[in-house]
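Undergrad: Chains as they are written, first to last, in our numbering: chain A, 1 to 405; chain B, 406 to 546. I'd like to ask you about the structure that follows.
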Amino acid sequence: MRHFARLWSLAIVATFALAGVTPSAFADEAESSLRLRGFGTLGTARSSSNQTEFIRDLSQPQGISNHWSSRIDSLLGVQANWQATDELELVGQVVSRYRYDKSRDPELMWAFAKWEPDARVSLRGGRIGADFMMAADSRLVGYSHLAARPSPDYFGPLFFSYIDGVDASLTLPLGSGLVRGKLFAGATPEKTSGTPGIWDTDGSPVSGIVLDYLLGPWQFRANMAQVRFASDIQFAPLPGALRLYGANTAADALVSDGKTARFYSLGVIYDQGPLQVQGMLNTIDHESGVFQNSHAGYVLAGYRLDTITPYVGVSWWKTRSRNISTGLPADSVLDMTFNAIMAASAVDQTTYTVGARWDVYANLALKAQWDAIRGTAASVFPFQHSKAGWNGRTDVVSFIADFVF
Amino acid sequence: MRAFISLLILFLALPLSAAAADLVLIANPKAGIAHLTQDDVTNIYLGRYRRLTSGVTAEPIDLPNESEFKARFYRQLVSKSLPEINAYWSRLIFAGKTQPPQLAGSAEEAVRMVARRPGALAYVERPHADARVVVVFELAN
Chain A
1 MRHFARLWSL AIVATFALAG VTPSAFADEA ESSLRLRGFG TLGTARSSSN
51 QTEFIRDLSQ PQGISNHWSS RIDSLLGVQA NWQATDELEL VGQVVSRYRY
101 DKSRDPELMW AFAKWEPDAR VSLRGGRIGA DFMMAADSRL VGYSHLAARP
151 SPDYFGPLFF SYIDGVDASL TLPLGSGLVR GKLFAGATPE KTSGTPGIWD
201 TDGSPVSGIV LDYLLGPWQF RANMAQVRFA SDIQFAPLPG ALRLYGANTA
251 ADALVSDGKT ARFYSLGVIY DQGPLQVQGM LNTIDHESGV FQNSHAGYVL
301 AGYRLDTITP YVGVSWWKTR SRNISTGLPA DSVLDMTFNA IMAASAVDQT
351 TYTVGARWDV YANLALKAQW DAIRGTAASV FPFQHSKAGW NGRTDVVSFI
401 ADFVF
Chain B
406 MRAFISLLIL FLALPLSAAA ADLVLIANPK AGIAHLTQDD VTNIYLGRYR
456 RLTSGVTAEP IDLPNESEFK ARFYRQLVSK SLPEINAYWS RLIFAGKTQP
506 PQLAGSAEEA VRMVARRPGA LAYVERPHAD ARVVVVFELA N
């Protein structure tokens with residue numbers, strides 16, 4: 001049955017893709033209310049370390065190490081927009097990417113109705129994008145980003161791509177610029193790779209607010225979002241054993257069900273002529289003791305020289321240890337296991353990025369990028385399968401082809 | 406020989422560039438607007454805000470990528486190349502946000518669309534702006 005479902009999904013994707021690239025099917029977009037489009041990335045990357053696996057974000061169960069791999073960046077997506085009336089539009093988007101379960105099964109990313117009764121108001125309901133990026137809601141459309149991938153230091157912990165819910169936005173002129181406010185609420189239907197196994201966050205309520213101010217080449221953003229996890233990460237039988245020995249504080253720290261994570265961010269973009277600079281700061285606070293609280297930031301700057309845009313960037317991600325103790329002997333299995341879990345969400349690293357984007361055709365961009373990750377040996381959360389010899393330093397080289405059609 | 410060809414190309418190109426008329430933004434007379442600012446036009450064409458001061462919803466019209474006017478329009482409006490404009494729209498389209506401007510096959514068709522719809526706006530060379538439409542913005546060269 002599962003095999004059949006996969007074949008069926010692939011068939012749908014193939015049909016969409018073929019329809020999208022067949023000129024005769026929708027040649028006259030101005031006359032047709034149904035539009036099919038697609039996007040994709042073919043990428044290969046490798047790091048300099050065989051002591052850890054570099055991943056794009058925490059949803060990925062395996063990453064890349066010191067041999068070339070197309071695993072983390074390659075993807076294909078198709079999107080259908082149907083303008084039902086002047087005010088009502090239906091949008092569906094399916095993406096095949098490397099997922100939490102190591103498959104590339106097509107996944108319904110967006111499926112929503114958008115109602116715009118007025119040019120100032122937009123209401124959406126259904127499966128909608130989680131609006132974390134400043135320049136785009138989708139972190140998967142590489143063509144729309146300057147760098148090879150959104151900064152893993154900044155976006156890595158944000159494993160939600162979409163929510164089932166509603167959002168409402170209002171745009172109004174203010175001064176000589178525009179102010180836009182957006183509220184969203186819903187629940188995540190997603191799963192993510194966890195330690196250990198898969199963490200099913202299905203049904204976790206998500207809500208937030210986004211405020212943007214656009215003034216000429218400037219965009220300013222303040223964003224707050226929160227998620228209340230609806231399930232525990234499976235650490236059994238550890239919590240029960242800790243309680244048995246009276247280590248209740250430690251056992252409580254392993255609870256994530258009912259605990260809220262809050263995300264706050266500030267951002268700015270300056271985009272004028274050939275120059276674009278963007279920077280963001282965030283802080284993430286967890287009620288659950290499983291995750292360390294963190295703060296992160298990035299700055300990325302590019303300057304276009306005809307079709308080639310060289311860019312440089314720096315990003316950082318640091319967490320604060322919670323110093324929770326079991327009170328049990330340091331050489332006991334319980335204490336060592338608990339401390340290992342507490343240390344698993346530690347991050348302390350800075351990444352320096354140099355790259356270039358070449359816009360070969362109007363719909364194709366090639367990118368080459370070098371990331372130098374400089375962190376401490378304790379910085380393991382951004383990676384998968386770190387080994388004892390991991391020293392916090394690795395270099396990642398990426399070659400990417402991003403396209404839209 | 407190569408120098409001669411370069412010179413020839415230069416000579417052929419010169420009269421063309423000299424002959425290129427200014428680009429203007431045209432609107433339907435029923436749109437209820439006499440003038441738009443550069444910020445207004447930028448907000449409309451980049452899909453940030455499409456409400457005209459008269460309350461009419463603006464419906465911007467684009468020309469095909471191959472059109473020389475299109476490249477010139479975006480260069481003069483926001484100093485952006487077409488790949489940058491395409492990347493910008495892929496961000497918004499694939500986020501399920503605003504739709505890009507409607508596409509006209511030619512400048513003549515763009516003028517017809519503006520003449521037909523009260524909210525429609527298009528960029529054309531000044532000689533194309535006939536009596537059916539009004540000029541609401543002039544692009545700086």
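The beta carbon of each residue, even a glycine, is placed where N, CA and C say it ideally should be.
Comparing C-alpha positions only, which one of A:Ala130, A:Lys387, A:Gln272 sits nearest to Ser484 of chain B?
TA: As a working note, residue 484 of chain B is residue 79 in the second sequence. Of the listed residues, the one whose Cα sits closest to Ser484 of chain B is A:Gln272.
Undergrad: Quick check on the DSSP output: what are the complete alpha helix (DSSP H) runs of length 4 or more inside the segment 148-191 of chain A, in order along the chain?
TA: Correct list: 152-155.
Undergrad: Contact check, Ile55 of chain A vs Gly63 of chain A under 8 angstroms by CB: the rounded distance?
TA: Taking the first residue of the first sequence as 1, we reach residue 55 of chain A at position 55. Taking the first residue of the first sequence as 1, we reach residue 63 of chain A at position 63. With 8 angstroms as the limit, Ile55 of chain A and Gly63 of chain A qualify as a contact, their Cβ atoms being about 4 angstroms apart.
Undergrad: Checking contacts by CB at 7 angstroms: is Phe499 of chain B closer than that to chain A?
TA: Counted from its first residue, the second sequence places residue 499 of chain B at position 94. Judged by the 7 angstroms Cβ criterion, Phe499 of chain B is in contact with chain A.
Undergrad: If you run the structure through DSSP and keep just helix, strand and coil, what is Arg35 of chain A?
TA: Numbered from its first residue, the first sequence carries residue 35 of chain A at position 35. Three-state DSSP puts Arg35 of chain A in a strand.
Undergrad: State buried or exposed for Thr309 of chain A, treating a residue as buried only when at least 16 other CB atoms are found within 10 Å of its CB.
TA: Start at 1 with the first residue of the first sequence, and residue 309 of chain A comes out as number 309. Label assigned to Thr309 of chain A: buried.
Undergrad: Within the 7 angstroms Cβ cut-off, does Val78 of chain A reach chain B?
TA: For the purposes of this step, residue 78 of chain A is identified with residue 78 of the first sequence, where counting begins at 1. With 7 angstroms as the cut-off, Val78 of chain A does not count as an interface residue toward chain B.
Undergrad: How far does the alpha helix (DSSP H) with Leu482 of chain B in it extend, from its first residue to its last?
TA: Walking along the second sequence from the start, residue 482 of chain B turns up at place 77. That run of the alpha helix (DSSP H) goes 473-483.
Undergrad: Could you tell me the alpha carbon to alpha carbon distance between Phe220 of chain A and Leu281 of chain A, rounded to whole angstroms?
TA: Walking along the first sequence from the start, residue 220 of chain A turns up at place 220. Walking along the first sequence from the start, residue 281 of chain A turns up at place 281. Going from the Cα of Phe220 of chain A to the Cα of Leu281 of chain A covers about 12 angstroms.
Undergrad: Would a check of beta-carbon distances place Leu211 of chain A closer than 7 angstroms to chain B?
TA: For this step, residue 211 of chain A is matched to residue 211 along the first sequence. So, not an interface residue.
Undergrad: Going along chain C in order, which residues have a C-beta closer than 9 angstroms to the C-beta of Tyr311 of chain A?
TA: This model lacks chain C altogether; the protein chains it does include are A and B.
Undergrad: By the criterion of Cβ-Cβ separation under 7 angstroms, what are the contact partners of Tyr265 of chain A in chain B?
TA: Translated into positions along the first sequence, residue 265 of chain A becomes position 265. Before going on, a small fix: residue 265 of chain A reads as Ser here, not Tyr. Correct list: empty, because the minimum Cβ distance to chain B is about 17 angstroms.
Undergrad: Pull up the DSSP beta-bridge partners for Ala225 of chain A, would you.
TA: Looking up residue 225 of chain A in the first sequence gives position 225. Paired residues: A:Gly208, A:Phe263.
Undergrad: Within 10 angstroms of the Cβ of Ala388 of chain A, are there 16 or more other Cβ atoms? Answer buried if so, exposed if not.
TA: Taking the first residue of the first sequence as 1, we reach residue 388 of chain A at position 388. When all chains shown are included, Ala388 of chain A counts as exposed.
Undergrad: Taking the CB atoms as reference points, tell me whether Arg537 of chain B and Asp427 of chain B lie closer together than 7 angstroms.
TA: As a working mapping, residue 537 of chain B is identified with position 132 in the second sequence. As a working mapping, residue 427 of chain B is identified with position 22 in the second sequence. Not a contact, by the Cβ cut-off of 7 angstroms.
Undergrad: Tell me whether the beta-carbon of Asp153 of chain A lies closer than 7 angstroms to the beta-carbon of Trp316 of chain A.
TA: The residue labelled residue 153 of chain A in the question sits at position 153 within the first sequence. The residue labelled residue 316 of chain A in the question sits at position 316 within the first sequence. Yes, Cβ-Cβ distance for Asp153 of chain A and Trp316 of chain A is below 7 angstroms.
Undergrad: Excluding sequence positions up to five away, which residues of its chain have a Cβ less than 8 angstroms from the Cβ of Phe155 of chain A?
TA: For the purposes of this step, residue 155 of chain A is identified with residue 155 of the first sequence, where counting begins at 1. Excluding residues within five positions, the ones whose Cβ falls inside 8 angstroms are Asp57, Phe132, Met133, Arg139.
Undergrad: Restricting to Cα atoms, I'd like to know which of A:Trp390, A:Gln369, A:His286 is closest to Ala377 of chain A.
TA: Here residue 377 of chain A corresponds to residue number 377 of the first sequence, with the count starting at 1. Nearest C-alpha to Ala377 of chain A: A:Trp390.
Undergrad: Exposed or buried, which one is Pro394 of chain B when buried takes at least 16 other CB atoms within 10 Å?
TA: Absent from the model: residue 394 of chain B. The displayed extent of chain B is 406 to 546, so no value can be given.
Undergrad: Please identify the residue among B:Glu471, B:His440, B:Asp467 whose C-alpha is closest to the C-alpha of Val519 of chain B.
TA: Residue 519 of chain B sits at position 114 when you count from the first residue of the second sequence. Selected option, being the one with the closest Cα: B:Asp467.
Undergrad: Distance cutoff 7 angstroms, beta carbons only. Does Ser551 of chain B sit that close to anything in chain A?
TA: Residue numbering for chain B in the displayed model covers 406 to 546; residue 551 of chain B lies beyond these limits and cannot be assessed.
Undergrad: Comparing alpha-carbon positions, which option in B:Leu451, B:Gly452, B:Arg453, B:Ser459 lies nearest Ala432 of chain B?
TA: Start at 1 with the first residue of the second sequence, and residue 432 of chain B comes out as number 27. Out of B:Leu451, B:Gly452, B:Arg453, B:Ser459, B:Ser459 has the C-alpha closest to the C-alpha of Ala432 of chain B.
Undergrad: Output the boundary residues of the beta strand (DSSP E) element that contains Leu428 of chain B.
TA: As a first step, residue 428 of chain B must be located in the second sequence, where it is residue number 23. Leu428 of chain B -> beta strand (DSSP E) spans 428-432.
Undergrad: Between A:Asn339, A:Thr319, A:Arg320, which has its C-alpha nearest Gly327 of chain A's C-alpha?
TA: As a position in the first sequence, residue 327 of chain A is number 327, starting the count at 1. Ranking the options by Cα distance to Gly327 of chain A, first place goes to A:Asn339.
Undergrad: For Asn546 of chain B, does the count of other Cβ atoms within 10 angstroms reach 16, so buried, or fall short, so exposed?
TA: Locating residue 546 of chain B in the second sequence gives position 141, counting from the first residue. By the neighbour-count rule (16 or more Cβ atoms within 10 Å), Asn546 of chain B is not buried but exposed.
Undergrad: Taking the alpha helix (DSSP H) that Pro239 of chain A falls in, what are its first and last residues?
TA: The sequence position of residue 239 of chain A within the first sequence is 239, counting from 1. 238-244 is the span of the alpha helix (DSSP H), which, as asked, contains Pro239 of chain A.
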